[in-house]
Structure formats: C-alpha cells, structure tokens
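This report refers to the structure that appears directly beneath it.
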Amino acid sequence: MRRLLFAANWKMHLGPDEARAYLKTFRATYHRREDRDVWFFPPAVSLEAAAQAVRERTDLVVGVQDIHWEPKGAFTGAISAPLAAQAGAKAALVGHSERRHVFGETDEDTRRKVAAVLATPLQPVLCVGETLPEREAGHTLAVVHRQLAGALGRLDAAKLAHVTIAYEPVWAIGTGRNATPRDAGVVHREIRTWLAGRGAAPTAARVLYGGSVNAKNIAELLAEPQLDGVLVGGASLDPAAWAQLVQTAAA
Ligand code: PGA
Numbered sequence: 411m412r413r414l415l416f417a418a419n420w421k422m423h424l425g426p427d428e429a430r431a432y433l434k435t436f437r438a439t440y441h442r443r444e445d446r447d448v449w450f451f452p453p454a455v456s457l458e459a460a461a462q463a464v465r466e467r468t469d470l471v472v473g474v475q476d477i478h479w480e481p482k483g484a485f486t487g488a489i490s491a492p493l494a495a496q497a498g499a500k501a502a503l504v505g506h507s508e509r510r511h512v513f514g515e516t517d518e519d520t521r522r523k524v525a526a527v528l529a530t531p532l533q534p535v536l537c538v539g540e541t542l543p544e545r546e547a548g549h550t551l552a553v554v555h556r557q558l559a560g561a562l563g564r565l566d567a568a569k570l571a572h573v574t575i576a577y578e579p580v581w582a583i584g585t586g587r588n589a590t591p592r593d594a595g596v597v598h599r600e601i602r603t604w605l606a607g608r609g610a611a612p613t614a615a616r617v618l619y620g621g622s623v624n625a626k627n628i629a630e631l632l633a634e635p636q637l638d639g640v641l642v643g644g645a646s647l648d649p650a651a652w653a654q655l656v657q658t659a660a661a
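With my numbering, letter number 139 in the sequence shown gets 549, and the count goes up by one each step, no holes.
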C-alpha cells in the first residue's frame, strides 16, 4: 500500500513566532496516522523554530525550500544543505517552479542542488512541470523528461530511490486551476517509466502532485493511484484547515 506524503510549502510566509503558533495548532488538531507522512517547508528563518516545534512528533518533518549547491563559502544570502540540516531540516525542495521561473534556476542548477542534498542526510524533493505555452504546444512530457534528465540523469538507481519527485504544472500553481487526476496520472506514469529506464524500481521514488490542491479537490486527486501524495502551497497556510485535510484525505 502506498504511504501518502502531505507536503506543505509555506513559501514566503510564517516567520519564527508564526511558525511556532501554526505548529502548536497543527499538533493539537492532527492526530498521527500510520499511513501518511507530513512535511513542512517553512522559510529558512523559521526552520529552527519549526523543527523544535515538531521534535516530539516523529511523524512530522521539516524541510528547506531551497539550497545552494556548495556546502559553505562566500555566497551571500545563500544557505547550504549542511546548514539547513543543522537548523533541523530533513528534506529539501529543489527546482520549485518559482525558483525556475522567478529566479532563473536552470536544469544544471537543479542537478547540482540534488547532488548537494544527496551528499547530506536530507531527502531531496525535485519539482518538475511545464508552463501553459509548453502544455498547449503538446510539449508537457518532453519538458518533464528534460527536467528529470537534467537533474537526475547522472544518478544511479540506489540514489534515485532517495529522491521524491513532485509534478507541479506551472499553470496550476497558485492559480486555482488544478490538473485533472487523469492528466496528473499520465505525467506520473511517464515519470515512473523514466525512473524504470534508469534501472530504478518504478515505485522506488515517491511521486507527488502539486498545483492548487485544496480540501475540495484532494479526494479526487488521491483517488488516482499514481499519486503518492501532494505538495501544497496556499491551502497549507491555515493550520487547522491543513490539519483537517491531512487527517481526513483518502481516509
Ligand atoms: P499552490 O502551490 O498549492 O498554492 O498552488 C503549490 C506549490 O507551489 O508547491
């Protein structure tokens, strides 16, 4: 049976005090379920506060939204995977659509970042997904292949098994417009085929869907057996509502 992953990407919201208050409410509202994991990606300044707030709940994990590929050095404003680990992170997003499209991150950047994360105990979550013009031109699968090959193409099967992949179509992020479960399923199958072609078991890596996931559409999305979970932005910002969603989805 798949073990579902519910990942909350707070983006540029919730400073340390707010993170503590959020997680207090979440802990009080969400009761551990053995069939799911819950990961939180706070902004870097709130990592330590968030990690402290969940330290007695092994079912709750905190991760970092982005890292630099070097472990340390003269990179003003950047943080590395080892530094995030010191602050309590156990996972790291790589190549989120906003990193790619707002900050100009390239496939080569994502390759270096995944390698940097894999050199630490952190678990990488690689985000992939096409823009609307790419989808309309029929290039969705080609774009996803390019992003997978760019970031993961040099990894062996053992390393690939440590990577979580989030398919997040750019046109669905923060827009209120989600992919249909069927559309997501098609891309997820393609991702698993790509992994199998690299010698990894198709189910070795968890494959998540993200893009305007909320309490209204979560049930039909998780009814698609290709989805191992979700990566959620906007609908994860209210702790009680997010706790309710995680507690009851696919119950
Ligand atoms: P959204 O964001 O749920 O607000 O669309 C998802 C994401 O960017 O990971």
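All C-beta atoms in this analysis are idealised placements derived from N, C-alpha and C, irrespective of residue type, glycine included.
The structure displayed is predicted, hence computed values, not measured ones.
Let me know the secondary structure DSSP gives residue i once reduced to three states.
i    : result
P492 : helix
W479 : coil
G620 : strand
V512 : coil
L583 : Sequence check: residue 583 is Ile here, not Leu. I583: coil per DSSP, three-state reduction.
F451 : strand
L415 : strand
P649 : helix
A499 : coil
Q533 : strand
L664 : Residue 664 lies beyond the range of the chain shown here (411 to 661); nothing can be said about it.
R446 : strand
G473 : strand
Could you check whether the Cβ of residue i sits closer than 7 Å to any heavy atom belonging to ligand 1?
i    : result
I575 : no
E578 : yes
L641 : yes
G584 : yes
V623 : yes
N627 : no
A659 : no
A456 : The residue asked about is misnamed: residue 456 is Ser in this sequence, not Ala. Incorrect: S456 has no Cβ contact closer than 7 Å to ligand 1.
G539 : no
G620 : yes
G505 : no
G644 : yes
Quick check on residue i - is its C-beta less than 8 Å from some C-beta in chain B?
i    : result
S456 : Structure shown: chain B not included; a single protein chain is present.
For residue i versus residue j, is the C-beta distance shorter than 8 Å?
i    : j    : result
L433 : A454 : no
L414 : S456 : no
D517 : A552 : no
V573 : V538 : no
E458 : G498 : yes
P579 : E630 : no
A559 : A610 : no
G586 : A417 : no
T435 : P649 : yes
Check for me: the alpha helix (DSSP H) holding residue i runs from which residue to which?
i    : result
T520 : 517-528
P591 : 591-607
Y432 : 426-439
R545 : 542-546
A629 : 628-632
Report all residues from its chain with a CB closer than 8 Å to the CB of residue i; omit the five preceding and five following residues, and keep chain order.
i    : result
N419 : F451, Q475, L503, H506, G620, L641, V642, G643, S646
V471 : D447, V448, W449, F450, V464, K500, A501
Q657 : T439, Y440, H441, R443
A495 : T530, P531, L532
Q371 : With the chain covering 411 to 661 only, the question about residue 371 has no answer from this structure.
V527 : I477, A491, A502, V504, Q533, P534
Which residues in the same chain as residue i place their Cβ atom closer than 6 Å to its Cβ, once the five residues preceding and following it in sequence are excluded?
i    : result
N627 : N588
A625 : L655
Under DSSP, the beta strand (DSSP E) around residue i begins and ends at which residues?
i    : result
L641 : 639-642
A576 : 574-577
G539 : It is not in any beta strand (DSSP E) - G539 carries neither H nor E in the DSSP assignment.
V464 : V464 -> no beta strand (DSSP E), and no H or E assigned at all.
Excluding five sequence neighbours on each side, which residues of the same chain lie with their C-beta closer than 7 Å to the C-beta of residue i?
i    : result
R522 : W479
A615 : L570, A571, V573, T574, I575, L605
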